[in-house]
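Q: Have a look at the structure that comes next, please.
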Amino acid sequence: MKPMVLLLSIGLLGWWYVVVPLQVIVAAVALARGRWRLAVFSLTALAVAIALVQAARAVVEWHPERFGDIGVMLPSGHSALVVVTVTTMATLVWPRWSRRRVAAAAALILAVAGVMTTLGGHTVGDVLVGLALGGIAILVAGVAARFRRSRRAAPA
137 MKPMVLLLSI GLLGWWYVVV PLQVIVAAVA LARGRWRLAV FSLTALAVAI
187 ALVQAARAVV EWHPERFGDI GVMLPSGHSA LVVVTVTTMA TLVWPRWSRR
237 RVAAAAALIL AVAGVMTTLG GHTVGDVLVG LALGGIAILV AGVAARFRRS
287 RRAAPA
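For the sequence shown, position 150 matches number 286 in the working numbering, and the numbering has no gaps at all.
So, in structure tokens, the structure goes:
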């Protein structure tokens, strides 16, 4: 339970200040342990999440009245990075996933989403968009981490 409370605190604390160094540290630890796929996953998920949130914010700023009608004012970067951080830390701690671990990670992500909605000044739409962007970042990072180099030698 202590790691869950720590991750909840990290998710609420910050977006650039805490999550970026944490993801880099996870990548360094993963490389030190010989888990290069986790390192690629950690850095790719971070980069994709930041890029997606910034792109989504630019789109919302381009047509604020249309997005305001559906309840999206500022896509939540906190929510996107919480998905990335929780998934990365859980993968570091739990190399094998089970239903219980997936449920624990999902509960933590939803707890942060609830706090962001009530106390963070975001609308439900902002948080849902942030969670979706974080999920997309995780999917892209998962594909990037599974990419394998060809074992055959290149023709000379």
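No residue lacks a Cβ here, since even glycine has one placed at the ideal position from N, Cα and C.
My output table needs one value for proline 157: the three-state DSSP class, helix, strand or coil.
A: If DSSP states are grouped into helix, strand and coil, proline 157 belongs with the helices.
Q: What is the DSSP secondary structure of threonine 259, counted as helix, strand or coil?
A: Correct three-state label for threonine 259: coil.
Q: DSSP state of glycine 170, grouped into three classes?
A: It is coil, neither helix nor strand.
Q: If you count every other CB in all the chains shown that lies within 10 Å of the CB of threonine 224, and 16 or more means buried, which is it?
A: Flag for threonine 224 reads buried.
Q: By Cβ distance, which residues of its chain are closer than 6 Å to histidine 258, with the 5 residues on each side in sequence left out?
A: Around histidine 258: Ser212, Met252.
Q: Give every residue of the same chain whose Cβ lies closer than 6 Å to the Cβ of valine 222, excluding the five residues on either side of it in the sequence, and list them in chain order.
A: Only Leu143, Ala241, Leu244, Ile245 meet the Cβ criterion.
Q: If distances are taken between C-alpha atoms only, which option among Arg235, Ala239, Val218, Trp233 comes closest to alanine 268?
A: Of Arg235, Ala239, Val218, Trp233, the residue nearest in Cα terms is Val218.
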